[in-house]
Each structure stands twice: as structure tokens, then as C-alpha cells.
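Encoded as C-alpha cells, the structure appears first; notes follow it.
Residue numbers (the working numbering), protein chains in the order written: chain A, 7 to 446; chain B, 58 to 1076.
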């Protein structure tokens, strides 16, 4: 009965773990709260309203300016200290006129920024500008990410495996119970033998496998069943060869469709513009990325620390883009050193199948998600559909063609619907199942 | 019992103690199996520690591993642009207007590019009188020639362009006072002329000489003598009712070619009228094949004919011929200013006579105000250069676009060239000249260059690059600018010249976009035209006088439709393109009349698998002998004359598969196409790659023909009768539903594509064949495969000879055959082509039968019919039983016996990265073991439909095209939707001349032909 001693061990262990977990989690929250508190209580220098200023800043200035870093224009943190307020009013309302008026400081600023012309904002009132200036005093948030990562690491990890530990403990208990049962049975038998108590001993029967082997009919049926089953599974396995549904390779740059299409609601066609007019949807060239990423040089959105998708991680991926396209952040200019990115192609149709994106996107007006799945939720892009011929055909059989407002279809539709006696035509009825439509 | 039987294995066993039987008992194999060859020698075998069991284990393991690995998909990388050019959308083709001017072919073209790669050449419909022939169509593949020069070189070393230019300028300056010749092709480029002029001002000791590899010097001389400036009289055959050609193959390459669109305009009967074309010629040419009346005559007689036609005496002409000449003269006289004579004789007097005649008869077809400027070379000048180099009086030779070491008919020119002080060659390839030159400038292809052409006075064309230079090359013009001390890029120079001298205020960008520009602007003549007294040497009668020597023959050197002057000899498409007349590819050969061949004991015969073999001859002229030239017996060849194509036999920078034929340039004495030679039979048998075995139609109506007279006077049922079949002992037309096995599909909805081929308008030029190759990634299979009838061309142009004097007589003869004796002899006779046959061409591609015999026999349903009329071929479904090909009555299906791409056994363009750039990404490259055939360019029709859907508009007639229909220069091939009742093809379908090929079979094809009408009525 020695084993009984350990009976309480799992419970103790889990309790201990739970306690540990709780301690670490609380520390994590505390840290974050502190960071938040510092941001909010930061003194708003000057008399403007920083909150209103933030809105204005994001609407008007953020396209070219950042607070702590050079963008197209200079960094604006504490700009109120550098220049006189009246000077700033004039500059912001119409910098070009101001420069032409011969203000030496204005000319100096213009020259210092490569003579790039700043958009005039005559509509901004003095208060608006004050508010913006107030916002520019918002201090740079501490890099909290690193700290959380370091301390919270242990606690964070504890969360996932707890269930596993409990499960393991339960399994262990179950095993102990079984062992105990066998031991008890054995002991009882020994006692019974010792005491001469008679107990029923089952008759020796031929083992079940022997009986099975001797029954030819059963063997026959089973082997047929096995053959059929293995045929079924072999066929199933064969049919998935070359079907790469769920294929999600590691890409040279971790590009998150979730952040772009999901969080930021960027239209698919903005980057995959050729999907509207070409058979290829096209992998966007890097200059398309740079349309936005000239300004967005770091990630400031939500993090998923557990999977390692921290701000730092994402910012680092943006740096990879800069490296590939040859963009020098410090000088805000292209170096001309380009390193084309070798993406791993996910959706591979065989060469003998012709597929045209524009037919489906522009003519049929099918949403990208119909075939590509919830891309806006995919952190790592994966192949959603099987891309098999059966999958194509099913859709062509079931989908009605939207013919409204398309002059091309007018006559054909009239005649065909008369022929088939239906109002809505499927693609198959339009000839969309013919071999030569996709294979040539 | 059975065990007592003795089985005899050979007669040897009858002999007792036969040594053979003994040996066989001991040894299982009569010959020793060369195990060492594949296992290595015995020692290594014994030294190896691998036992047989281990070996089997390894084999088993590797096989298992390999098959498991095969289940894993490969990782495919995609690399987008870093900065995408605005105009490139992946998957969408861009078209750029450009012009070719390689010294032999001049045309305005459209270049189709995909993702920045030119993949096809198309006709530029904005250009007038524009013919884009097979060679121009194929020129896109020459861009991707892996044998191209990749960098300039001085001596043996590759150098950079700065050093090269500096070196040239230094050498040129040193050579002041010495005779340096700039020997160029005809550029026909106003801007280049100006540049050369400026360059010569800078270096006055350099003189410019134009050398046309294939000369039209005599015609230009005659024109110059009469009209002052140098050029070639232009002809518009649409304005002529009677055309008499004496040795001028104007549907081929005569005076630069390009006459077929105008010619055909008046060859299709309109309102019961069409022009009449009489051809006197020695070789069978395209023009002769298309003529209403063809008279074979030797060149020496041709000159007499020209003189007789233009007002001279009829004396000295052979009987028969004199009559034909008299008749032609009468017709010309009647036609008045609607008649025209042209001649291709290399003789100034004959050319002058023709010019005078056309001028005095006021021929509307001749245009002397705006001459052609595409062949400006002068024989006398070129001969002087050739002799100057040989004698050493010329110290420097700069060649541009020409290959004199290959093409000069002087045996010691090559040696003399090596010893020149300055030998500089501008070349795209390390050709014969470039390989001997001390300095070689690598030039870009025209698709990588800027430039301009003026093919005819007032007709300008611009060349714009469609791809960045693939190699470190530099245009000749760019170099000239540099050498003249001008740092401007050639583009700026060109634009400036156009804006100041040509455009006259019109937009430059528009001109570049259009690629063509017409203007009446008078350009200053900058070229130094040779003075008339230098023309003397080329007026000698020599070659045109009758050959009196023993075994003497008159040789006519011509250019083949596929090869031209041989610039593109390394182009596999052109090598594999069958000659329209002889139907032989991968060769040049002597063409000889049957009677001459018989007299010399020369024979042509088909071997067991159908391939054609023929004897060799040696052709000699003075000390020059061209040895072992194969002979093809050519029906229609004038007796006493032979033909031989130029442009073959190149060996420098040509891959071994394409070093075909013999070089005929050594016989191009005095740069005249007609020579007196002697011919002697040589030993050996040559193997031809001839794709057509059956040369006559045996009186069948594969090509329906009628005469203009019958066409005008009789009902269509008489000359274009519908075949009848018997049902219940009643004759019913084969198209009647009662005669039909199948229920027809309803094809009234949507598009229904039909293709019409007008046999009157088809000249047989073969541009469509190359266009089809380019559009559909048709593989090149090589000479040995062609001999096995494994040609892969989706579109072939069949050529038929009549067995009697005309096809009509063939038909009569067949109809009159009765009884066994007569059928045994006369059918045999019908297989032989006549001495001077009628010739007809018929392009045949998949007929896209509505009741397709191929579809019903496919065991896997890989070929099936689409609602739009196309017979689909799903390559991925095909298992290669070839039932379909066997059941096809038109023999248009092609089987991939091998893998033709990425296979070293077929080392053509599909076997190297560069050559594969020409592939059309919209069409699959077929693999081994599948059947393929014409798809009626379904990728093009689908694209047209998609474009219309995207724009939301109905499709207009003329939008649907196939590669062949858009490549056809004469409009013979018309494609469209017959459900559109306003379409041209609908009208064609209901034309009286319409018939289907082998209509009696009842396949109901979607391809139709228009009966050929010949204007045979003698006036």
C-alpha cells in the first residue's frame, strides 16, 4: 500500500502550478497598467487639447510627419519648442507663400528638407494648430513590449500546458487504479487459495484468435472487408496527392493578410490589382508595398505575444521589406540596391489548366474569399480550397451567371433561357463545362 | 509421346558434330554480352563490397524513396518585380509597332510582348502594301538565338564598348589616305543615311558601298538610267487586268517581295471579273503556281520574250513558246494601260525595255514616281570592292549586316580579308565574316533597336525596341554617332531627324505608336549614287546567252520562301518550314525537269517508310564546282535549266542540326542570278525531308477548280456540285439530314466559329504556318523525324500538281477510266505530275468537324466538341492511343512521339532558356505521348470573348481571329462567328464558291474552302 502515499501528489502539483500562474499574471497586468497610466498623465505642454490634436494630426499631418521619426517631413515631437507659435501658424497655413515672403527661417527649413513642398492648410484655425502642437508633446511610449515579454514569459507559457499536466495527472491516476485493481485481485486470490475457498475457474477454451482462424467464413468476410477498406483508404490517399489544401509555407517576409486585409480593411484589389484585368492576380511588386510603408515603418497594432507576433517582430519584417526594396530609412530615399523577394507560391494550378482571375473577379463579381477563404483572418496565408477539377466543376454546375447589365450576355441569355426554359442560367448551361474552356 | 518430339532449331543440327551447334550448346549468347561496358571492368566489380543482395536493397529503397518523394509537391517560387513598370500587367499582352529592315526583308510589324518578352510578330494593319512574310514572322525566334554574339571583341578578346570605340577611331585616324570601305546592307533608312554621310565627312577616306546579298542591281540600274534617281519601280497589281511576268517571282522575293496583297485584290472574281496572269519562267515559283497560264522557258529565251513583248521581233523563239508570246502580246495590247509586264532577268536591257513598255503603254500598275528603296546595291561597285580587297588596294573593310566572306563569289576573298589592315564586322552572330574579322561589333536584333525605314518613297516606318538588349550589344548607328564625336544617343538623333525632316509638324509619339508614317516630304538624297558610267560592267550579255557547252545547263539562283538570303539560317522554324513548291524542308537542292533528269540518270524515289531520296549532282562553272548537290525532280522546270536556292550551306555560328544544304553563292558570279553551268551526276543518294508524298489529286475534288468562263456562265451546282449519296435508291445530297447518322446539336445560340479559306487568294506563301508555330508552341522535330512523317505542324499547305495539262483534264481522265486494264494503267499515270502542271495550294488544318470521326473513337473522351464549333483536345486527358489520328480523314492530328521540350535529342529552341522565351504562355507545351492539333486558336477566341464580357459589350465582326487568319497577307483566311449574320464569314459560308473538304464523308466541318477560279480564257 505504499503507492497510496502519492495519491495527493497530482492535486498538490496542480495547485502549486495554479498559484504560480496567478502570481505571474498579476504582475503582467500591473506592468501594463503602469505604462498606460504614464501615457495618460503625461503633461500636455502648452494650452492645447492633446486629444483633439491627435485626431487632427492623424487626419492632416500623419501622411508625411511622424512624432519621433523623420518621415517625408521632419519629426514633430516638441515642435512648439523649436519655433515661434506665430511662425508655425504662418508656415502651416501656407508655407510656400511664407517662403516667398523671404522669411529666413522659413527658407532654411525649406532647404533643410530637400525643398519638398508642404501642403498648405489654410482651413486650420489657431486653436486647431495649438491642439496639434499640444499633441506633439506626447512623450514616446516606453518600449513595454520587451519587458512584458521577459517577465511574462514564464506565466504565459504556464497557461497552455496546465491542461496537459492535469490530463497527464488524470491518466496517471487511472493507471494507478488499474494496477491497484490487479493487485487487489491477486491478493484476494492468494488469500482464497490459502483459505481453501473454492472459486469458479473458467473452462479452458481455445483462444479467440484460433477460433477465428478456424472459421473460414469469418476469415473470408474479414479479408474482403479489409481489402475493401484498404482500397478505400488507398484511393482516398491517392486522391489527395498533389492537392495542397491548407498549404501554408513559410514566406521570406512574414506578411500578415490579417493585419492588412483584416485589421486595416485594405481591399484585396489594391495590391492584387491585376486580378481585375488579367488571368493572374499577381503578387504585388514591392513598390506597391512602399506606397504605404514609406510612412509606416513600424508596427503599432495588436500583438499576439504567445505566438511571437510582437511589435518588434512585425517591425522587423517591415525592415526586411526596406532591405529588399532598397529603402534607406535615415535618408528617406532609395539606395537602388534591390533584392527581389522570392515568395513561395501557394496556389499552384497545373500548366494544362487555364484559369483567369479577371473572368471571375470582374465579369462574375465573385468575392476573393469564395475561393481563397477568410484571407482577412489569416495570419499566415494558406490554400483554402482544394483547387481540384471536381471543385471547379461543382461550382460551375451550381452557380448562376449574373448577366445583369452586361451587354455581352444579353442576346445569349435570351436565347439560352428560352431553350432551357429557365430564368437563371448556370455556368454549365453556358458551356462552362466544356474541356476546351480550361484546357488548351 | 510429346517428349519424343525433337524440335529443330536450325539446319545446322542435321550435321553431325557441327561446331555451331556445339558452341551454341555451351554459350547461351552467340555474341558475348559486353557486360564490362555497363558494369565497369572486372576488377572494379570484384573490388566492390556491394553484394547482390545489398544492391537489390539499395534499388528497392531508392525506388520507394523516389516514389514517395514524388507525392510531395515541389516548392515553386514566385518573384515579383521590385518596381513594376506601369505598362506591364502580368498575363496581359502588350503590342508595339515596329519595323524590320534587315537588308532583305522590309515590313511594318506589330510585336506582341508578354511580361516584357516579344513572343510573336503580327501584321501592322495601319501600313499599306505591307506583307509580313514567313521570315518576318519567324524573326522573333532569331532574337532568342543562343548563338548570338554577346559582346564586342577585338582580336580574340572581349572588350568593353569604350575601348572598342576608341580603338576603331584610332585605327580609322591612322589609316587616313588609305582606302577604307564601309560595306553595308540596304538600310532604306533616312536617318542612317544622314548619319553615314556625317561619318564620312569626319573620315573622308571611308567610302560607303551598299551590297545586297541578293542583288536587284540591274533593275535599279535601268530605273536610274531612265529616271535619274536610284530605286526600283513599284507595282500595284490590283490596277492591272493583264499581268505578264517574265522570270519575275513577284509573289516570292522579287524586288523585295510584298506584292501579294495588291495582286490578290484583283484575283478573286468580283462581278465576274478578275485579272489574268501569264507567267514565263524557268523555275517553278509561287507566281508561276498562281498564274492562269504558265510557260516554262529557259532564261536565255526569256530575254527574247521580253524583247518580243516590248515591241521587238519574235524570231528565235522556240515554237510553242512563240505562240504563247504572241497571245500574251495580243492580250497586253488589248488591255492597254491596264496591262503590265515585269521581269526578273538580271539584265539592264531587259529591265529597261520593260520600264519603257510600261511607261509608254501608260500602265496604271507601275509607279515610278515613288520607287522602292529597299535594294539599292550596285553590282559594279560591289565587284570593285571584292576585287579591291583581293588585290590589296582596299586596306580596310567595315561590314554591316552583310556576310561577304560567306556570300562573295570569289574563292580567295576570305584569305585576302584576313590580311586587311582593318577588318571590322558588325554582326549579330559570329558569322563567316565576323569569325575572320579583327574587330567584331556585336549588334542587337531589330526588336532591341531604334531605327527607321523608308521602303518606298513617302512610306516611312519606325523601329522601336520591344525588349531591353539581351546582350552587351550596340547598334551600328550608335557606334557611328560615337565615332563621329557625337555623344547623343541614337534615339535623340533619330527623333530630331524625324521632327525636323520627316514629320512636318506631326506628332512623334503618334508616329512611334503607329509605326508607320506617310508623307510626301522630299528628302535630300544623301547617298552617293553611283554614276551611270560605273553601270557598264553589269550590262554584259554573258549569262543570258544560250549555253552551248557539253552538259550545259542554265542555272537560276533563287531564294526560298523559308530561308531568303540565309540571314536566319539558325532559325529552326524556318528550317522546318516546307518549301511551298517542293514541300521539302531542311535543305536546298537543284530542281531539274524530269526529262533532263532521265537523260542524266538522276532519280527521285520513295523508300519504304515513304521518305524521299534523290541523286546528287556536281554543278560547275569555270573552275568553281559546287559538289554533291541533291536533285529534286521538279515538274514545270524548263528543260535545260536548273534552279538552286541561295542562303544555305552556312557553317559559322550555326548549330550542327541547322547546317543544312549547300552554299550556292560561289556560283553567284557577277552577282547575277542566271548562270551557265555544267551539271554532272555524282555518286551517293541524298535523303530529303519532304512532307508530301502524293503530289497529284488523281482527279478527285480535294481542291475544286473551275474557270472564270464557267464560273460566270453556269450555275454553281455544275462547277461546285454537292456530293450525292444513295438512300432507298434515291440520290440525296450528303448534307441532307436523311443521310446523317447523328442528331445534330443546336448551334444557333452563342458563337459558332467558322473558318473560310479562299483558294483564289491563297498564294501558298506559308506565313500562316510560321504564325501558327509561334502562337501555339508547335515544336520543331528535325530532319530525321520529318522523314518519318512526324512533322508537328498544325497547319500545312498542301500543294498539288495536275497530272495532265490541267486539273480539269485529270478529272475527265479519271471519269473515263473503265475496265480493269484501263484502271490499272491510267490510275498509275494519274499519280505522275505533268511536265508543266497546273499547281494549286490548299492550307489544311483541323477541320473542326461537327460530326467529328476522331471524337467518337477516343476511349477516354480526351477530344470532344464545344458548342462554339471547336473540336477540343484535352492534353491532360489523352493517353495516346492514336485512334483519333487514324480515324481522321484529313490527317491533321499530330502525335508527340517524343518529348520535344527540354530534350537534348531535339536541340532546338525549346531546349534552351533563351529559346524558350518565345513560348506563348497561354498555350500548353505538350508532353510525350499525347495527340495535338489545331485548336482554332481557342485561346484567342476565349480572350476576345472575355474582353467583351469585361467591357460589357457585344462582339463586333472582325474581332475574332486566329493566328493564321491574322497572319494572312492576302485575306485568304477569314475567321468569324457564323451566328452573326452580318459577319464576313457568314457571307463566305453562303457563297456559291463554298465547299467543304471531302464533303462526301459527311463530317460537316467548320472549316470551308472557296473554289478556285482560274482565268484561263485566251483572249
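Backbone N, C-alpha and C define an ideal beta-carbon position, used for all residues, glycine too.
Treat the numbers as computed from the prediction; the structure is a model and nothing was measured.
Helix, strand or coil for residue 296/A, going by three-state DSSP, please let me know. As a first step, residue 296/A is located in the first chain; it is residue number 290 there, counting from the start. Looking at residue 296/A - three-state DSSP - the assignment turns out to be helix.
Is it buried or exposed for residue 231/B, if we count other Cβ within 10 angstroms and need 16 for buried? In the second chain, the residue the question calls residue 231/B occupies position 174. By the neighbour-count rule (16 or more Cβ atoms within 10 Å), residue 231/B is not buried but exposed.
Taking 8 angstroms as the CB-CB cut-off, is residue 1009/B touching chain A? Counted from its first residue, the second chain places residue 1009/B at position 952. Interface with chain A (8 angstroms Cβ-Cβ cutoff): residue 1009/B is included.
How long is the line joining the alpha carbons of residue 517/B and residue 190/B, rounded to whole angstroms? One-based indexing of the second chain puts residue 517/B at position 460. One-based indexing of the second chain puts residue 190/B at position 133. Between residue 517/B and residue 190/B, the alpha-carbon positions lie close to 19 angstroms from each other.
Identify every run of the alpha helix (DSSP H) within the stretch 184 to 250 of chain B, keeping only runs that are complete inside it and at least 4 residues long; order them along the chain. Qualifying alpha helix (DSSP H) stretches, in chain order: 191 to 200 and 218 to 231.
Rounded to whole angstroms, what's the CA-CA distance from residue 833/B to residue 1032/B? Just pull it up for me. Locating residue 833/B in the second chain gives position 776, counting from the first residue. Locating residue 1032/B in the second chain gives position 975, counting from the first residue. Approximately 17 angstroms between the Cα atoms of the pair.
Member of 348/A, 354/A, 307/A and 241/A whose CA lies at the smallest distance from the CA of residue 286/A: Numbered from 1 along the first chain, position 280 holds the residue referred to as residue 286/A. It is 354/A whose Cα lies nearest to the Cα of residue 286/A.
Measure the C-alpha to C-alpha separation of residue 110/A and residue 117/A and round it to an integer number of angstroms. Working through the first chain from its first residue, we reach residue 110/A at position 104. Working through the first chain from its first residue, we reach residue 117/A at position 111. Residue 110/A and residue 117/A: Cα-Cα distance of roughly 11 angstroms.
DSSP three-state call for residue 685/B: helix, strand or coil? Taking the second chain and counting its residues from 1, the one referred to as residue 685/B is at position 628. Of the three classes helix, strand and coil, the one that applies to residue 685/B here is strand, per DSSP.
From residue 1102/B to residue 406/B, what does the alpha carbon distance come to, in whole angstroms? Shown here, chain B extends from 58 to 1076; a query on residue 1102/B therefore has no answer.
I think residue 280/B touches residue 424/B, with their Cβ atoms under 8 angstroms apart; what is that distance to the nearest whole Å? Against the second chain, residue 280/B aligns to sequence position 223. Against the second chain, residue 424/B aligns to sequence position 367. Going by Cβ atoms, the distance from residue 280/B to residue 424/B rounds to 11 angstroms, so no, they are not a contact pair.
As assigned by DSSP and simplified to three states, the class of residue 160/A: Your numbering for residue 160/A matches position 154 in the first chain. In this prediction, residue 160/A has a pLDDT of 41, which is less than 50 and means its spatial position is unreliable; nothing more can be read from the coordinates.
Leaving out the 5 sequence neighbours to the left and right, which residues in its chain are closer than 8 angstroms to residue 152/A when beta-carbon positions are compared? Looking up residue 152/A in the first chain gives position 146. Low confidence applies to residue 152/A: its pLDDT is 43, below 50, so where it sits in the model is not reliable enough to give any reading.
In whole angstroms, what separates the C-alpha of residue 360/A from that of residue 399/A? Position 354 of the first chain holds residue 360/A. Position 393 of the first chain holds residue 399/A. Spanning the two alpha carbons is a distance of roughly 14 angstroms.
Chain A beta carbons: is any one of them nearer than 8 angstroms to that of residue 931/B? Locating residue 931/B in the second chain gives position 874, where the first residue counts as 1. Taking Cβ atoms only, chain A reaches closer than 8 angstroms to residue 931/B, which makes this a yes.
With a cut-off of 8 angstroms, do at least 3 Cβ pairs link the stretch 319 to 338 of chain B to the stretch 349 to 368 of chain B? yes
Separation of residue 171/A from residue 51/A, as counted between CA atoms: Taking the first residue of the first chain as position 1, residue 51/A is located at position 45. Taking the first residue of the first chain as position 1, residue 171/A is located at position 165. Only weak support exists for where residue 51/A lies, its pLDDT of 46 falling under 50; the value from the coordinates is given anyway. If you take the alpha carbons of residue 51/A and residue 171/A, they lie about 53 angstroms apart.
Contacts that residue 134/B makes with chain A (C-beta to C-beta distance below 8 angstroms): Stepping through the second chain from its first residue, residue 134/B is reached at position 77. Under the 8 angstroms cutoff, chain A gives 348, 349, 350 and 351.
Is it the case that the Cβ atoms of residue 454/B and residue 471/B are separated by a distance below 8 angstroms? Locating residue 454/B in the second chain gives position 397, where the first residue counts as 1. Locating residue 471/B in the second chain gives position 414, where the first residue counts as 1. Not closer than 8 angstroms, so no.
Where are the alpha helix (DSSP H) runs, 4 residues long or more, that stay fully inside the stretch 963 to 1013 of chain B, in chain order? 970 to 973 and 995 to 1008
Going by C-alpha to C-alpha distance, which of 759/B, 809/B and 627/B sits closest to residue 708/B? Residue numbering aside, residue 708/B sits at position 651 when the second chain is read from its first letter. Cα-wise, what sits closest to residue 708/B is 627/B.
Cβ atoms of residue 1062/B and residue 905/B: under 8 angstroms apart, would you say? Here residue 905/B refers to the residue found at position 848 when the second chain is read from its first residue. Here residue 1062/B refers to the residue found at position 1005 when the second chain is read from its first residue. Taking 8 angstroms as the Cβ cut-off, residue 905/B and residue 1062/B qualify as a contacting pair.
According to DSSP, residue 830/B sits in a beta bridge with which residue or residues? Residue numbering aside, residue 830/B sits at position 773 when the second chain is read from its first letter. Under DSSP, no beta-bridge partner is assigned to residue 830/B.
Cutoff 8 angstroms; reference residue 266/A; Cβ partners in own chain excluding five residues on either side: Here residue 266/A corresponds to residue number 260 of the first chain, with the count starting at 1. Counting only Cβ-Cβ distances below 8 angstroms, and skipping sequence neighbours, we find 272 and 277.
Contact list for the stretch 796 to 807 of chain B against chain A, Cβ threshold 9 angstroms: From the stretch 796 to 807 of chain B, only 803, 805, 806 and 807 have a Cβ closer than 9 angstroms to chain A.
Would you mind telling me which residues of chain B sit closer than 9 angstroms to residue 369/A, beta carbon to beta carbon, in chain order? Taking the first chain and counting its residues from 1, one reaches residue 369/A at position 363. Residues of chain B passing the Cβ test: 1003, 1006, 1007 and 1009.
Per DSSP, which one or two residues make a beta bridge with residue 316/B? Translated into positions along the second chain, residue 316/B becomes position 259. DSSP lists no partner for residue 316/B.
Residue 47/B versus residue 332/A: straight-line alpha-carbon distance, rounded: Because residue 47/B is not part of the residues shown, which for chain B are 58 to 1076, the question remains open.
Interface residues of the stretch 168 to 191 of chain A facing chain B [CB-CB below 9 angstroms]: none
Any contact between the stretch 418 to 428 of chain A and the stretch 794 to 808 of chain B? By contact I mean 3 or more CB pairs, one from each, below 8 angstroms. A contact exists between the stretch 418 to 428 of chain A and the stretch 794 to 808 of chain B.
Could you name the residues of the same chain whose beta carbon sits closer than 7 angstroms to that of residue 684/B, not counting the 5 residues immediately before and after it, in chain order? Residue 684/B sits at position 627 when you count from the first residue of the second chain. Closer than 7 angstroms at Cβ, skipping near neighbours: 675 and 739.
Rank 228/A, 407/A, 58/A and 284/A by C-alpha distance to the C-alpha of residue 511/A and give the top, closest one. Nothing can be reported for residue 511/A: it is not among the residues displayed for chain A, which extend from 7 to 446.
Check whether chain B comes within 8 angstroms of residue 354/A, counting only Cβ atoms and requiring the distance to be less than that. On the first chain, position 348 is the one that residue 354/A refers to. Contact of residue 354/A with chain B is assigned, a C-beta pair being separated by under 8 angstroms.
Against chain A: residues of the stretch 914 to 930 of chain B by CB proximity under 9 angstroms: 918, 919, 920, 921, 922, 923, 924, 925, 927, 928, 929 and 930
With a threshold of 7 angstroms on Cβ separation, who are the neighbours of residue 848/B within its own chain once the five nearest residues in sequence on each side are excluded? Your numbering for residue 848/B matches position 791 in the second chain. So the qualifying residues of the chain are 748 and 838.
Ignore the nearest five residues each way along the sequence and tell me which others in residue 467/B's own chain have a CB closer than 7 angstroms to its CB. Start at 1 with the first residue of the second chain, and residue 467/B comes out as number 410. Excluding positions up to five away in sequence, the list reads 443 and 447.
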